[in-house]
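Taken in order, the sequence shown gives residues 920 to 1364; the numbers are from the working numbering. For every residue, glycine included, the Cβ atom is placed at its ideal position computed from N, Cα and C. This structure is a prediction, so every number in the text was calculated from the model and none was measured.
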Amino acid sequence: MDLNKIMNDLVKKHPGEEEYHQAVREVLESIEDVVNQNPQLEAAGIIDRLVEPDRVLMFKVPWVDDNGTVHVNLGYRVQFNNAIGPYKGGLRFHPSVNLSILKFLGFEQIFKNALTTLPMGGGKGGSDFNPKGKSDAEIMRYCQSFMLELWKIIGPDTDVPAGDIGVGGKEIGYMYGMYKKLQREHTGVLTGKGISWGGSLIRPEATGFGTVYFAEEMLKTKGESFKGKTVAVSGFGNVAWGATLKINELGGKVVTLSGPDGYVHDPKGVTGEKVEYMLELRASNQDIVAPYADEFPDATFYPNKRPWEVEVDVALPCATQNELDGKDAQKLVDNGCMCIAEGANMPSTPEAVAIIQKNGLLFGPAKAANAGGVATSGLEMTQNAMKLAWTTEEVDEKLHHIMKSIHSACVEHGKKADGSVDYVKGANVAGFLKVANAMLDQGVI
Ligand code: NDP
Ligand code: 2IT
């Protein structure tokens, strides 16, 4: 496989789509050896077919605000690969959303979903709509207008969207309502639904829980656990909340949260009512974490800074892509951090990953460490298909089991001669082999 040629061609075909190039390069670097050892993959054009999405739907989303002013946003769905199951992946509503970001997320989702052991292909979608500061009525009208286009290409066995940044239970509800009306059926076409209308228990917590379960497995390989460990978490959204809940349960202490405005340091730990306050902050539709420090005087707010300068044992980036760079990684290393697991998608830059790995820290990449969210979406699909609902304990146990098997797959494919594990390589190779073999079986389509 000629990696540089593939990348040059991709960059030429899709100029400026930097996040997409970054995600593809990272995977190709890991799987280069495997591809070279298996010439049938090259003969079947697997890589060329894998790096381009099956199709992209782009549409305008017109909507009217509370003052009667008309706005137009852009909506997208990237259906990347359905070799092992229906396209599956979240919808992101954030002003930064563009095709490059959605293609990077959709590409990652292929391998993440393969790692879950469940039959789900990869996709992603969203919009450059900014939900911050919008009224509920505006968000409802927006979601309805968005679904008026999206419904044409999704279905419970075709493409099953879910939430991501800016899309939580409320938005899923508004979109589901419109889908149901247009399609005239009540099927599990979206995941992250409300519990009373087809949702799964534990889905809101699942990504954060899964990230902590994965980190726990990594720590175990060193004879360690979360008990007594200090943890830096970034973000204050859905993933950060779930992770904080689980860390508290396992006896660790979360000492930071962050937003686009800066970070808060709470040396006494984000516990009890403070965890619930995260939900209020998230629901308030503000864009800031600073009010946490007004509400809880033990905490200090540091504007325009990232939490990675705080001395901690474990770091869980749970906000957004490229939020932990080389300098941040060096600070974590210098301060004695031993384990980093990515709750967000691609939060660490390639420079950061290189520094973290060079210094021998445990490093769980996103497609393994945050796969618990989509895995539980898969469990929601199964419950919908069976028209049955599992208990909290049943779902949590299955999620825990899936995260342990993802960890085992990473160890199997990422174990190095010195006994340490390259989890980046392990996750990429394990996910890739499953998808590539399915593509081989199904012919050139
Ligand atoms: P939320 O919208 O609930 O929270 C996102 C968090 O990130 C918020 O705290 C948000 O702050 C912050 N944030 C957003 N953009 C930026 C930015 N440019 N700089 C700094 N902070 C930012 O989303 P989720 O918790 O669902 O998603 C967080 C990450 O986890 C994303 O990378 C997502 O792709 C990933 N993920 C999510 C899964 C899920 O099931 N929800 C599953 C797997 C991964 P603010 O609201 O103020 O912008
Ligand atoms: O990035 C992700 O894995 C998600 N946003 C969850 C996708 C899903 O379909 O549950």
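Per DSSP, the beta-bridge partners of Ile1259 are Ala1234 and Phe1282. Arg1122 and Thr1295 do touch by the CB rule: their CB atoms are close to 5 Å apart, below 8 Å. Secondary structure of Pro1222 (DSSP, three-state): strand. Judged by DSSP secondary structure, Ser1153 falls outside any beta strand (DSSP E); it is assigned neither H nor E.
Val1183 is positioned such that its CB atom lies no closer than 8 Å to that of Thr1149. Rounded to the nearest angstrom, the gap between the Cα atoms of Leu1280 and Ala1238 is 21 Å.
Judged by DSSP in its simplified three-state form, Trp1309 adopts coil rather than helix or strand.
The beta strand (DSSP E) runs lying completely inside the region 1039-1111 and spanning 3 residues or more are 1041-1046 and 1078-1081, given in chain order. Pairing Lys1007 with Val1189 gives a Cβ-Cβ distance that is not under 8 Å. For a cut-off of 8 Å, the C-beta gap from Gly1042 to Gln1028 is around 6 Å, short enough to register as a contact. Checking the 7 Å criterion, the Cβ of Asn1001 is out of range of every heavy atom belonging to the ligand 2IT.
Using a C-beta cut-off of 8 Å, the region 955-963 makes no contact with the region 980-996, since fewer than three inter-stretch Cβ pairs fall below that distance. By the Cβ criterion, the region 1223-1237 is in contact with the region 1248-1264, since at least three pairs of Cβ atoms, one from each stretch, lie closer than 8 Å. The region 943-976 is shown to contain whole alpha helix (DSSP H) runs of 4 or more residues at 958-962 and 965-969, in chain order. Where Phe999 is concerned, the enclosing beta strand (DSSP E) starts and stops at Val989 to Asn1000. For Phe1012, the uninterrupted beta strand (DSSP E) segment begins and ends at Tyr1006 to Phe1012.
Approximately 17 Å separates the beta-carbon atoms of Asn1241 and Gly1181; this is outside 8 Å, ruling out the contact.
Within the model, the alpha-carbon separation for Glu1104 versus Gln1063 is close to 16 Å. Contact annotation: Glu945 and Ser1019 have beta-carbon atoms that are not nearer than 8 Å.
Rounded to the nearest whole angstrom, the CA to CA distance from Gly1052 to Asn992 is 16 Å.
Contact check for Phe1023 against Ala1081 fails: the beta carbons are separated by 8 Å or more. The DSSP-derived three-state label of Lys979 is strand. For Lys1187, the secondary structure class from DSSP, reduced to helix, strand or coil, is coil. Taking the Cα positions, His1332 is about 19 Å away from Lys1141. In the three-state DSSP reduction, Thr1126 falls in the helix class (H, G or I). Annotated three-state conformation of Thr1175 is strand, per DSSP. In the DSSP assignment, Lys1246 falls within the alpha helix (DSSP H) that extends over Gly1245 to Asp1253. The residue among Tyr1221, Val1108 and Leu922 with its C-alpha nearest the C-alpha of Gly1092 is Val1108. Judged by DSSP secondary structure, Pro1266 falls outside any alpha helix (DSSP H); it is assigned neither H nor E. Excluding the 5 residues flanking it on each side, Ile1274 has same chain C-beta neighbours closer than 8 Å at Gly1245, Ala1248, Gln1249 and Val1252, in chain order. Residue pairing of Gly1181 in beta bridges, as defined by DSSP: Gly1178 and Pro1222. Nearest to Asn1157 by alpha-carbon distance, out of Lys1112, Met920, Ile1084 and Ala1308, is Ile1084.
Across the structure, Leu1037 and Gly1297 are spaced so that their CA atoms are roughly 7 Å apart. Taking C-beta separations shorter than 8 Å and ignoring five residues to either side along the sequence, the partners of Ser1144 in its chain run Glu1135, Leu1138, Leu1169 and Gly1170, following chain order.
Taking C-beta atoms as the reference points, Trp1070 and Leu1101 count as a pair closer than 8 Å.
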